[in-house]
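Let me begin by presenting the structure, written as structure tokens, before commenting on it.
Encoded structure:
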């Protein structure tokens, strides 16, 4: 039964990631600056809206990089 332990851990991590993403989708509309940062591009025309959240994606990327480096602990060692 030792062969199932890695699969169990992987399923647990994937499940937690999905739950975290779901929580993020619930909370994101209530955070005032998400999608409204300087650098986010919004183009509105007749019947067309194009939204490119460049600054928001950059902030999320930096936060996730810091979080994963803290939780991962390996960091190239």
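Numbering (the working numbering), first residue to last: 6 to 82.
Virtual Cβ for every residue (Gly too), placed ideally from N, Cα, C.
Because the structure is a prediction, the values reported are computed rather than measured.
Contiguous beta strand (DSSP E) elements confined to the region 23-53 occur at 46-50, taking only those with 3 or more residues. Three or more beta-carbon pairs drawn from the region 32-43 and the region 54-64 are found closer than 8 Å, and the two stretches are therefore classed as touching.
DSSP lists 46 as the beta-bridge partner residues of residue 57. Relative to the Cα of residue 77, the nearest Cα in the group 46, 18, 51 belongs to 18. Residue 57 sits away from residue 49, with the two beta carbons spaced by 9 Å or more.
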